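Residue numbers (my numbering): 105 to 245. All C-beta atoms, glycine included, are put in the ideal place defined by N, C-alpha and C. Just so we're clear, the structure is a prediction, and the values are computed from it rather than from any experiment. Scroll down for the structure; my scribbles are underneath it.
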């Protein structure tokens with residue numbers, strides 16, 4: 105066998121294997137216990153976007169001062185985030201307190217995302233039908 109041919113084929117195999125591999129990184133979103141609803145919604149939409157792109161997301165609640173005495177506030181926020189992104193993600197690491205931070209890791213869920221996309225497609229198809237009917241001229245009798 106020709107060494108040059110073998111070397112070329114080996115480089116092609118390596119290139120194909122790199123193409124098929126996915127590079128999953130961990131993104132982090134930091135919340136505070138006294139976060140407002142607008143900020144919460146914005147950050148949660150960003151978390152959803154990261155999950156749609158296929159990244160894992162580490163959600164961190166940062167406590168300061170006396171806030172550390174009320175970890176249930178942080179737990180409530182983390183539960184709310186998990187509830188909001190349940191259609192695209194699953195909780196990989198349950199919330200746990202690490203010193204002054206409480207963390208939780210969310211991972212993209214392919215099955216849930218596929219179900220959500222199918223539901224959205226069905227909604228779009230059903231909403232398009234009435235518009236087509238309304239465009240038809242009525243028979244004047």
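One thing to note: residue 164 has its Cβ within 8 Å of the Cβ of residue 132.
The beta-carbon separation of residue 210 and residue 193, rounded to 4 Å, stays under the 8 Å limit for a contact. When the alpha-carbon of residue 180 is set against those of 159, 144, 118, the nearest one is in 144. Counting only residues of its own chain and dropping the five nearest sequence neighbours on each side, residue 159 has a CB closer than 8 Å to the CB of 128, 129, 130, 131, 212. Distance between residue 116 and residue 157, taken at the CA atoms: about 27 Å. With contact defined as three or more Cβ pairs closer than 8 Å, the segment 194-203 and the segment 220-233 are not in contact.
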